[in-house]
Structure formats: C-alpha cells, structure tokens
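First residue of the sequence shown? That's 1 in my numbering, and the numbers climb one at a time after it. Okay, structure first, notes after.
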Amino acid sequence: MSPYSHDELMRRCARIKHVALDMDGTIYMGSTLFPYTKKFLADLTANGINYSFLTNNPTKSFKDYLKKLAKLGIEASEDEMCTSAVSTIEYIKSHFPGAKRLFLLGTPSMIAEFEAAGFESVPDDPAERPDVLVVAFDTTLVYSRLCRATWWASQGVPYIATNPDWVCPTDEQTILVDCGSLQACIEAACGRKADIVIGKPNPGMLNGIVEKYGLQPDEIAMCGDRIYTDVKTAQNAGGMGVLVLSGETTLETALASDPQPDVTALNIEEFGKLLLQAKQNGK
C-alpha cells in the first residue's frame, strides 16, 4: 500500500541504495527471528543494496546487539549497527564537551557503554550533582533512581532522553514500559520535559548514514514497525518511510495516518519483493 501511483512508487524504490532497519518488530520479535529475515538481507546484498540496523532500544550496548544478532544467525559489523545510546553519547560529546559526570537512568549494559566512552556514572546521592541527566528505557528500573532522575530534572540539570517510545515490542504476555513513558512520569512529577530526545524520529541517526555512505536522502529507506518513530524519521530526513505491520502498528492505525507512509507492507519480505521488482524494471 502506498499513496503513490505504481509507476511513481517503482521509480522511488529503484533509487534505494541503503535500507536502515529497525530491529524489534521488524527483523525479529523479542528473541525470535522472523523466518524471512535472512533471505531479505541476502537479497539486498545480491542486488547491491546496503543495510544497517537502527534501534531506539538502549538497554543493550551495540556489542551486545551484535552478539544477539549472531545468536539469531545474522552476522553484522560495528559499522552496520546504530543505537540510541551511541547517538546520545555522540550528542553529549558534541554539545556538552565539558560534561563528564552523568546520572544515567538505564541498564547496567547501557551504563557500561557510557563509561567505556569516558563518562562517569554518578551515584544516587543528592550531593553528587551530575553534568547531564540521561533517561533511557530501563528494564532494571529502581524506584529510588527514578525519583533521583526526577529531582535532577527539577533542578535544571541538562536533561537528555535516549528515545521517545512508549512501549517496547515483545512476544511475551506483558507490556514493556519504555523511555517515553518514563519521560511522561518525570514530567507529571516535576513539570519538565526532556531538552532533547535523541532516537527516532530525530533524523540524526539516519542523517549519519546518509553522510557515511555519501547518499542522497531519497536513496535511503527507513523500515520499521512504528509510524511515530521509524516512518517519521524517514520523513524528517527526506528518505523513504516504510511501515511494516509485523510489530506494533495495526493496519487501522496505518490507514488513519496523515501523512501516509511511503510504503505500508505486511513485513520486510513483502517490501523486499517490491524493491527487487523496481530494481529489475530499472535494468
């Protein structure tokens, strides 16, 4: 499904040289790889289309994500992986070059990644004022640390959130409360929103890929299962926004979206067939 005519859609798809892929809900669900993912990636490579993995989920370091992908049977390099935590580290180094001491509301894996990048994790102590507050999706959340993060937000400490997601996709019978919900909690308690939210739909992650590979914005497709993060990122960066219905978003939600995604597909397998058709027609 697309708002474009068939010929226009084929023309746009034929220009795609790189596919940026969301992970959970797009190439796998929880700990289960979708059966079509490996062939989709192999078909991209066979047709000269590069790909990378972008995730708003900062609970694991990029090295942990590479290990997870390898366990699922997908070999990926460091250059092919970008997380909201890595983008947050880059943002702090660029915009707060003197910042060293951070209060990090996040998992041990994420905190270790920040420490490896040269930052110090400030303890939960009112006497230890941080240079920057970072709030992330924290599956190891401790109530007292949420309270401390809210306190530092109320005290005017620069406040950065890693991602806007309200929930994280899962194949389990539960709801995984994500970073956007924690931000809403902090705002309700102290009245302050994050100064900036780094992950998708912030176009920074996608712009970095465009610059890295020397692409034009319309030569990259952002493919994911959420309109408000994945598709919006593509729209903000001038790329192709591809919504797959294998994760969070329903067809009803997709149909009600304004503007519409450039492509709405059942899954990446269906999108892959569309790309290959466009490439073959262009030969």
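All residues carry an ideal CB built from backbone N, CA and C; glycine is no exception. Values in this document were obtained by computation on a predicted structure and should not be read as measured data.
Helix, strand or coil at Asn236 [DSSP, three-state]: helix
When you compare only the Cα positions, how much space is there between Ser94 and Asp7? 43 Å
Contacts around Ala237, its chain only, beta-carbon distance under 8 Å, and the 5 residues preceding and following it disregarded: Pro203, Leu206, Asn207, Val210, Pro217, Ile220 and Met222
Beta carbon of Val134 nearer than 8 Å to that of Leu176: no
Asn281: buried (16+ other C-beta within 10 angstroms of its C-beta) or exposed? Burial is judged here by how many other beta carbons sit within 10 angstroms of a residue's own beta carbon; Asn281 has fewer than 16 and is exposed.
Which stretch, first to last residue, makes up the alpha helix (DSSP H) that contains Val86? Ser84 to His95
Proximity below 8 Å, CB of Gly247 to CB of Thr88: no
Sorted by chain position, which residues of the same chain lie with C-beta nearer than 8 Å to Lys273's C-beta, five sequence neighbours on each side aside? none
Kindly identify the DSSP beta-bridge partner or partners of Asn281. For Asn281, which the question treats as bridged, DSSP gives no partner whatsoever.
Classification of Glu304 by the beta-carbon crowding that lies within 10 angstroms, buried from 16 upward: The chain is shown from 1 up to 283; residue 304 falls before or after that span and cannot be answered.
DSSP three-state call for Ser154: helix, strand or coil? helix
What residue from Gly48, Leu54 and Thr174 has the CA that sits closest to Lys17's CA? Gly48
Looking at the secondary structure, which residues open and close the beta strand (DSSP E) in which Val142 lies? Here Val142 belongs to no beta strand (DSSP E), and DSSP marks it neither H nor E.
Any idea which residues DSSP pairs Leu105 with across the strands? Val135
First and last residue of the uninterrupted beta strand (DSSP E) at Ser52: Asn50 to Thr55
Our contact map puts Asp286 next to Cys147 with C-beta atoms below 8 Å; I'd like the distance itself, whole angstroms only. The structure shown does not extend to residue 286, since the chain is modelled only from 1 through 283, so no value can be given for it.
Whose CA, out of Ser84, Ser77 and Lys71, lies closest to the CA of Pro58? Ser84
Three-state secondary structure (DSSP) of Asp24: strand
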